[in-house]
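What follows is a set of notes on a single structure, which appears directly below.
In UniProt numbering, the protein residues as written are 1 to 199.
Take a look at the structure:
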């Protein structure tokens with residue numbers, strides 16, 4: 001979604017929006033009317049966004065409570081649509097019904113996205129751990145058991161003679177899949193030494 005650019009909305013303009021919403025707020029195209037009444041200084045979309053995220057006096061501005069956070073998590077898990085999109089408007093309506101507090105869409109989205117970013121960082125750390133473990137295994141494997149693309153990186157060519165100086169045999173099969181993700185470094189070393197001795 002592209003962000004609208006333009007001058008920052010001032011406190012005076014905020015007050016003007018509030019006053020005009022008292023007059024036109026019950027009309028279906030109130031944001032368009034307000035934009036026209038203010039000489040289109042801001043678009044109707046900008047005025048709407050400002051109203052629903054900041055200026056609406058019904059908005060509860062204090063931070064989300066733990067009960068609200070738990071409700072949001074559970075609601076999203078139970079009501080997420082098939083394409084994984086979250087329907088924010090019904091969620092905000094449910095929060096207002098259950099807790100009697102109107103929350104801005106931005107506040108709810110910010111909570112959800114921050115929560116996902118934190119859990120994503122934890123998953124990324126686990127991925128990095130698994131990658132490091134594979135690197136250790138790969139470095140301990142004899143050349144014949146290493147993945148083929150890694151072997152070809154180590155092949156050198158003599159440009160004058162136009163023939164291969166060293167060419168290892170292709171790998172038998174990748175061993176990383178045989179090692180448990182919970183294996184310790186000692187387990188990996190024992191596994192590799194056992195494979196080498198059977199080789």
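The beta-carbon is built from N, C-alpha and C at its ideal position, and this holds for glycine as well.
Cutting at 6 angstroms between CB atoms, please list the residues of its own chain near residue 13, excluding the five before and the five after it. none
Grab me the residues of residue 185's own chain with a C-beta within less than 6 angstroms of its C-beta, minus the 5 sequence neighbours each way, in chain order. Here residue 185 has no same chain residue with a Cβ atom under 6 angstroms from its own Cβ, once five neighbours each way along the sequence are excluded.
Between the alpha carbons of residue 183 and residue 189, how many angstroms are there, rounded? 10 angstroms
Between which two residues does the alpha helix (DSSP H) harbouring residue 75 extend? Residue 75 -> alpha helix (DSSP H) spans 66–79.
Is it true that the CB of residue 106 sits closer than 8 angstroms to the CB of residue 53? yes
Would you mind stating whether residue 59 and residue 72 have Cβ atoms separated by less than 8 angstroms? For residue 59 and residue 72, no; Cβs fall outside 8 angstroms.
Sort 25, 120, 112 and 192 by Cα distance to residue 75 and report the nearest one. 112
By how many angstroms is the C-alpha of residue 67 removed from the C-alpha of residue 28? 34 angstroms
Below 8 angstroms between beta carbons: does that hold for residue 20 and residue 34? yes
Backbone secondary structure at residue 27 - three-state DSSP: coil
Taking only the alpha-carbon atoms, compute the straight-line gap between residue 102 and residue 110 and give it to the nearest angstrom. 15 angstroms
Name, in chain order, the residues that DSSP records as bridge partners for residue 102. 59
Since residue 48 and residue 31 should fall inside the 8 angstroms C-beta cutoff, what is the C-beta to C-beta distance between them, to a whole number of angstroms? 4 angstroms
Would you mind working out which of 65, 80, 187 and 25 sits nearest residue 98, comparing C-alpha positions? 65
Rounding to the nearest angstrom, what Cα-Cα distance links residue 80 and residue 195 in this structure? 47 angstroms
Is it the case that the Cβ atoms of residue 95 and residue 50 are separated by a distance below 8 angstroms? No, Cβ-Cβ distance for residue 95 and residue 50 is not below 8 angstroms.
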